[in-house]
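So for the sequence shown, this note's numbering puts the first residue at 23; every next one is plus one. Quick reminder that beta carbons are idealized off the backbone N, C-alpha and C, glycines included.
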Amino acid sequence: MRQWGLLLVVACLVAAGCGGDDSTSPSPNPNPTTVSFKATLLPANETPTAVTGGEASGTGTANITFNLTRNTAGAIQSGTVDFQYTLTGFPAGTTIILSHIHTGASGVAGGVLISTGQSAASTLGLPAGSGSWAAAGVSGVDAATLQAIIDNPAGFYFNVHSQNFPGGVARGQLVKQ
């Protein structure tokens, strides 16, 4: 009888331990068709030219989304880029003339890699010192560039350029979301 009692206790413990976790947490998609990044834009991040005067007090946030086309193996074949940025705290009347993604780690100036398409014909005026700008479906970015940014977003930055600081007025490293 004692053995049956011990056997019953062991059976109950085994049964309790065998219960599975019915909750399912989604595993991350290794090949997403959209990848988003954010950059906190600060004049203090600009290099090599320091931003001075009233424009040094501005801040901003950029949201960037890659819309990717992949082959059946998951490799990026092509893609477009959506850009949206908001700026605040700049002097009234500041005009933003350019915006784009550059190659370069924090503190390192690099060449333009992906332009938003913003130009002298599509400037962003900040009559009250703040404003937003967006561009959707920017094309012409090669697959290798898209993959490089996804693999190492900290090696790239987004910045905006003003009339007073054509080399860049506010910059932020990309952070994958």
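- Pairing Gln199 with Phe112 gives a Cβ-Cβ distance that is not under 8 Å.
- Judged by their CB atoms, Ala142 and Ser100 are not nearer to each other than the 8 Å cut-off.
- Taking the Cα positions, Val163 is about 7 Å away from Thr102.
- Note on Pro70: under 16 other CB atoms within 10 angstroms of its CB, so exposed under the neighbour-count rule.
- Take Ala176, set aside five residues on each side of it, and the residues of its chain with a beta-carbon closer than 6 Å to its own are Gln195, in chain order.
- Remark: C-beta atoms of Thr125 and Ser154 do not approach each other more closely than 8 Å.
- Taking a contact as a CB-CB distance under 8 Å, the pair Thr167 and Leu135 counts as one, their CB atoms being some 6 Å apart.
- Under a 10 Å Cβ-count criterion, Ser161 is classified as exposed, with fewer than 16 other Cβ atoms of the shown protein chains found around its own Cβ.
- When Val191, Ser184, Phe178 and Gly189 are compared, the shortest CA-CA separation from Ala61 is found for Phe178.
- Exclusion of the five residues before and after Ile98 leaves Leu90, Arg92, Ala165, Leu168 and Gln169 as the residues of its chain whose Cβ lies within less than 7 Å of its Cβ.
- Your pair Thr116 and Glu77 checks out as a contact, with CB atoms roughly 6 Å apart and the cut at 8 Å.
- Gln140 has its alpha-carbon roughly 8 Å from the corresponding atom of Ala157.
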